[in-house]
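Same order as they appear, the protein sequences are chains A and B.
FYI, the numbering for the first sequence is 0 to 328, going by numbering that gives the first Met the number 0.
FYI, the numbering for the second sequence is 0 to 293, going by numbering that gives the first Met the number 0.
Glycine included, each C-beta is placed from N, C-alpha and C at the ideal position.
Note that the structure is a prediction, hence the values are computed from the model and not measured.
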Amino acid sequence: MGRQSGYNMFFRKKENLFLILLALLIIFIPLTVKNKYYFTVMNVVGLNTIVVVGLNLLIGFAGQISLGHAAFYGMGAYLSAILTSTYHFPPWPAMVVAMLATGVVAYFVGYPSLKLRGHYLVMATLGFGIIVNIFMVELDSVTGGPSGFPGIPNLSIGKLIFDNDFKNFYLIWAFAFFSILVSLNLVSSRVGRALKAIHGSEVAANTLGVDTDKYKTKIFVLSAIFASLSGSLYAHYLTFISPRSFDFYYSIQVVTMVIVGGMGSIWGAFFGAGLLTVLSEILHVAEKYNIIVYGAILTLVLVSLPEGVIVGLYNFYRRRKIKALIEEE
Amino acid sequence: MELHQQIFQYIISGLTLGAIYAVIALGFNIIHNATGIVNFVQAEFVTLGGMLMYTFYSFLKVPLPLSLLFSTAAVTFLGALIERGPIRMAKSKAIIVLVFITIGISSTLRGTALLVWGPDNMPIPSFSGEKVIRIFGAAILPQHLWIFGITIGIVIFLQYFFHRTLTGKAMRAVSVNRRAASLAGINVNWMILLSFAMSGGLGALGGIIIAPISTTSYDTGVMLSLKGFAAAILGGYGNSTGAIVGGLILGVLESLGAGLISSKFKNAFAFLILLLVLFFKPSGLLGRGEAERV
Numbered sequence: 000m001g002r003q004s005g006y007n008m009f010f011r012k013k014e015n016l017f018l019i020l021l022a023l024l025i026i027f028i029p030l031t032v033k034n035k036y037y038f039t040v041m042n043v044v045g046l047n048t049i050v051v052v053g054l055n056l057l058i059g060f061a062g063q064i065s066l067g068h069a070a071f072y073g074m075g076a077y078l079s080a081i082l083t084s085t086y087h088f089p090p091w092p093a094m095v096v097a098m099l100a101t102g103v104v105a106y107f108v109g110y111p112s113l114k115l116r117g118h119y120l121v122m123a124t125l126g127f128g129i130i131v132n133i134f135m136v137e138l139d140s141v142t143g144g145p146s147g148f149p150g151i152p153n154l155s156i157g158k159l160i161f162d163n164d165f166k167n168f169y170l171i172w173a174f175a176f177f178s179i180l181v182s183l184n185l186v187s188s189r190v191g192r193a194l195k196a197i198h199g200s201e202v203a204a205n206t207l208g209v210d211t212d213k214y215k216t217k218i219f220v221l222s223a224i225f226a227s228l229s230g231s232l233y234a235h236y237l238t239f240i241s242p243r244s245f246d247f248y249y250s251i252q253v254v255t256m257v258i259v260g261g262m263g264s265i266w267g268a269f270f271g272a273g274l275l276t277v278l279s280e281i282l283h284v285a286e287k288y289n290i291i292v293y294g295a296i297l298t299l300v301l302v303s304l305p306e307g308v309i310v311g312l313y314n315f316y317r318r319r320k321i322k323a324l325i326e327e328e
Numbered sequence: 000m001e002l003h004q005q006i007f008q009y010i011i012s013g014l015t016l017g018a019i020y021a022v023i024a025l026g027f028n029i030i031h032n033a034t035g036i037v038n039f040v041q042a043e044f045v046t047l048g049g050m051l052m053y054t055f056y057s058f059l060k061v062p063l064p065l066s067l068l069f070s071t072a073a074v075t076f077l078g079a080l081i082e083r084g085p086i087r088m089a090k091s092k093a094i095i096v097l098v099f100i101t102i103g104i105s106s107t108l109r110g111t112a113l114l115v116w117g118p119d120n121m122p123i124p125s126f127s128g129e130k131v132i133r134i135f136g137a138a139i140l141p142q143h144l145w146i147f148g149i150t151i152g153i154v155i156f157l158q159y160f161f162h163r164t165l166t167g168k169a170m171r172a173v174s175v176n177r178r179a180a181s182l183a184g185i186n187v188n189w190m191i192l193l194s195f196a197m198s199g200g201l202g203a204l205g206g207i208i209i210a211p212i213s214t215t216s217y218d219t220g221v222m223l224s225l226k227g228f229a230a231a232i233l234g235g236y237g238n239s240t241g242a243i244v245g246g247l248i249l250g251v252l253e254s255l256g257a258g259l260i261s262s263k264f265k266n267a268f269a270f271l272i273l274l275l276v277l278f279f280k281p282s283g284l285l286g287r288g289e290a291e292r293v
């Protein structure tokens with residue numbers, strides 16, 4: 000933990016600076032970018048950031064892995080789509096309903112498996128994710144089946160309709176900023192300290208009076224709600240969804256983003272989402288090689304920098320600096 | 000066909016599928032017992048077994064026994080290579096890191112398979128003709144008999160290996176307590192290498208024997224191995240009798256579910272069973288429920 004906390008202190012001081020920097024970037028980037036394609040990529044980065052920041056809380060702080068976050072992301076998207084298009088719900092309340100419903104489902108998936116020691120959540124979420132994806136494909140009368148669900152309305156506030164990439168950029172990134180903010184606050188709160196204790200040693204945390212099952216379940220539900228929120232935004236942004244966006248590979252993709260960014264580092268999660276989304280867009284040109292390169296990067300990073308790219312490089316830099324200091328003396 | 004005949008037919012095809020799940024589940028167990036990780040490359044072991052078999056047997060027209068041997072040996076070697084390379088070189092030995100390394104390798108291999116063989120389903124001829132054998136009105140293909148035969152052979156071999164040979168016993172010792180095994184003079188790294196190699200061989204065999212029934216493609220292994228994983232959990236993760244029982248039960252339930260309830264949700268049954276087991280009896284049917292050491 001020593002290395003980790005040194006790193007955390009480094010960022011804690013600069014946290015506010017980073018937040019201001021991010022806010023400025025969000026405000027000014029759209030004014031300089033003209034290319035529509037770049038906007039699409041940046042918006043996808045924003046959507047992934049929301050999912051990855053939430054998932055990072057689960058993996059990095061509660062030490063639990065989910066291989067089913069595509070399902071929660073998909074539930075957000077499909078519930079929003081079905082409620083607004085089929086049942087003519089207004090979009091914002093539909094989004095809240097989707098988040099609540101996803102949270103409840105996540106509770107029922109998470110609670111029984113988090114009561115147990117070991118990596119039962121991986122298995123439960125894996126199975127759950129595949130079942131949900133099969134339902135998206137097979138319940139075609141409700142979901143549109145494999146060909147997808149078209150004609151989802153855009154979100155709007157009063158007369159402002161979020162109907163292009165530019166407007167959606169601000170919408171999506173406002174939520175992404177908000178999710179980073181919530182996570183940072185959560186991590187430095189009582190809950191965050193409890194989670195870190197669980198990650199350090201669950202037994203020790205338990206003996207110190209931390210109700211570990213409760214915290215792990217809560218954080219799992221929260222991360223599912225983040226994913227659901229992002230899914231709803233995705234559905235209203237693209238106005239079309241299909242089951243392929245919410246399959247097992249998406250679950251793996253977001254976990255990869257958490258790991259490449261660095262488990263337990265919220266800024267790392269943001270970085271991981273950005274790096275890998277852009278990378279997979281670049282590789283999209285050579286679609287055949289996409290999955291190979293993606294896999295190779297994941298393998299390489301984990302073999303050589305298991306703390307994640309940002310944290311790994313930072314530690315590397317710090318060790319060199321310390322070494323230099325020692326040699327000076 | 001009458002209902003009881005239909006049901007009998009479903010059970011036969013379910014047992015066939017189940018035998019494959021059992022073989023794959025055994026592969027998962029061997030690596031789990033040696034290292035504590037879930038090895039996602041299992042999917043590619045299965046795929047590559049089938050695809051190499053296609054290359055040797057259907058494409059290059061190598062005789063059946065040699066094709067079987069070459070394909071299995073190649074994937075066994077690949078298994079060893081994966082352990083010797085990324086798994087052993089990994090800086091962190093944390094379970095979560097190792098699991099995701101296997102996911103990374105799995106994607107890389109799947110992408111490579113797509114590049115080499117393309118996205119189409121490849122047919123493989125049955126090992127000994129298509130002449131249907133009728134038992135109580137149910138149709139059994141010669142390939143079904145091959146599957147049962149090879150599965151039984153594998154089970155007998157593993158039973159012998161783990162209980163009668165020194166190496167097998169050493170592998171079991173490593174799974175009980177790695178440090179104690181190492182203190183007793185067992186080369187733990189070698190045993191882990193062996194577990195990856197064996198797991199590769201088992202996965203490949205599973206992929207090879209099912210291929211003539213279901214054809215093979217660059218991603219056939221994914222669903223098969225996820226169900227093999229579900230079978231391992233159902234039986235009790237790490238328990239080899241459990242893997243076989245779990246595999247067969249899962250295969251039969253899936254086949255009955257698809258035949259009698261809905262074929263659309265065929266793939267969902269296995270995972271629904273997985274969830275139910277995790278929620279109500281997480282140690283599995285035959286698992287003893289391990290106590291967590293602190």
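Is the beta carbon of residue i less than 8 Å from the beta carbon of residue j?
i        : j        : result
Asn70/B  : Ile207/B : Before going further, note that residue 70/B is Ser rather than Asn in the sequence given. Yes, these two residues count as a Cβ contact at 8 Å.
Leu204/B : Ile149/B : yes
Ser112/A : Leu125/A : no
Val52/A  : Ile179/A : yes
Met170/B : Ala33/B  : yes
Thr142/A : Ala223/A : no
Val210/B : Ile123/B : It should be noted that the sequence gives Ala, not Val, for residue 210/B. Yes, the Cβ-Cβ distance between Ala210/B and Ile123/B is below 8 Å.
Phe126/B : Leu223/B : no
Phe195/B : Ile30/B  : yes
Tyr53/B  : Lys226/B : no
Leu232/A : Leu82/A  : no
Tyr157/B : Leu59/B  : Residue identity differs from the one stated: residue 157/B is Leu in this sequence, not Tyr. Not a contact, by the Cβ cut-off of 8 Å.
Gly260/A : Ile218/A : no
Phe245/A : Tyr72/A  : yes
Ala112/B : Leu67/B  : no
Leu194/A : Leu170/A : no
Asp218/B : Arg109/B : yes
Taking 7 Å as the cut-off, is the CB of residue i close to at least one heavy atom of the ligand GDP?
i        : result
Tyr119/A : Ligands in the displayed structure: none, and consequently the ligand GDP is not present.
What does a CB cutoff of less than 6 Å around residue i pick up in its chain, not counting 5 residues either side in sequence?
i        : result
Leu324/A : none
Phe269/A : Thr48
Phe44/B  : Val74, Gly199, Gly202 and Ala203
Ile10/B  : Val251
Tyr110/A : Thr216
Arg87/B  : none
Leu97/B  : Ile36
Ala138/B : Val131
Tyr236/A : Asn167
Pro149/A : Phe239
Ala269/B : Lys226, Ala229, Leu249 and Glu253
Take residue i and list the residues in its own chain whose beta-carbon comes closer than 7 Å to its own, dropping the five residues that flank it on each side.
i        : result
Lys244/B : First, the residue type needs correcting, since residue 244/B is Val and not Lys in the sequence shown. Same-chain partners within the cutoff: Gly234, Leu284 and Leu285.
Gly128/A : Leu66, Gly67, Ala69, Ala70, Phe247 and Ser250
Leu16/A  : none
How far does the beta strand (DSSP E) with residue i in it reach, from first residue to last?
i        : result
Ile134/B : Ile132 to Ile134
Ala257/B : Element bounds for Ala257/B: n/a, residue is neither H nor E.
How is the alpha helix (DSSP H) around residue i delimited, first residue to last?
i        : result
Ile81/B  : Leu63 to Ile81
Ile272/B : Lys265 to Phe279
Asn132/A : Tyr119 to Glu137
His3/B   : Leu2 to Thr34
Asn47/A  : Lys35 to Asn55
Asn90/B  : The displayed chain sequence assigns Lys, not Asn, to residue 90/B. Element bounds for Lys90/B: n/a, residue is neither H nor E.
Which bits of chain B does residue i rub up against, with CB to CB less than 7 Å?
i        : result
Leu115/A : Pro281
Ile64/A  : Ile95
Glu137/A : Lys263 and Phe264
Looking only at its chain, what residues have a beta carbon closer than 8 Å to the beta carbon of residue i, apart from the 5 residues adjacent to it on each side?
i        : result
Ser373/A : Because chain A is modelled from 0 through 328, residue 373/A falls outside the range shown and cannot be assessed.
Phe161/B : Gly167, Lys168, Met170, Arg171 and Ser239
Using a C-beta to C-beta distance shorter than 8 Å, which residues of chain B count as neighbours of residue i?
i        : result
Tyr106/A : Correct list: empty, because the minimum Cβ distance to chain B is about 13 Å.
Name, please, each residue of chain A whose Cβ falls closer than 7 Å to the Cβ of residue i.
i        : result
Met88/B  : Val302
Thr107/B : Ile291, Gly294, Ala295 and Thr298
Ile232/B : Met122
Output, in chain order, the set of chain A residues within a Cβ distance shorter than 8 Å of residue i.
i        : result
Leu114/B : Lys287, Tyr288 and Ile291
Ile191/B : Simply none; closest approach about 16 Å.
In chain order, each alpha helix (DSSP H) run of at least 4 residues that lies wholly inside the stretch 247-310 of chain A
247-260, 265-282 and 286-303
Every unbroken beta strand (DSSP E) within the stretch 109-182 of chain B, with a cutoff of 3 residues, ordered by chain
132-134 and 137-139
If we require 4 or more residues per run, which alpha helix (DSSP H) segments fall completely within the stretch 174-230 of chain B?
177-182 and 187-213
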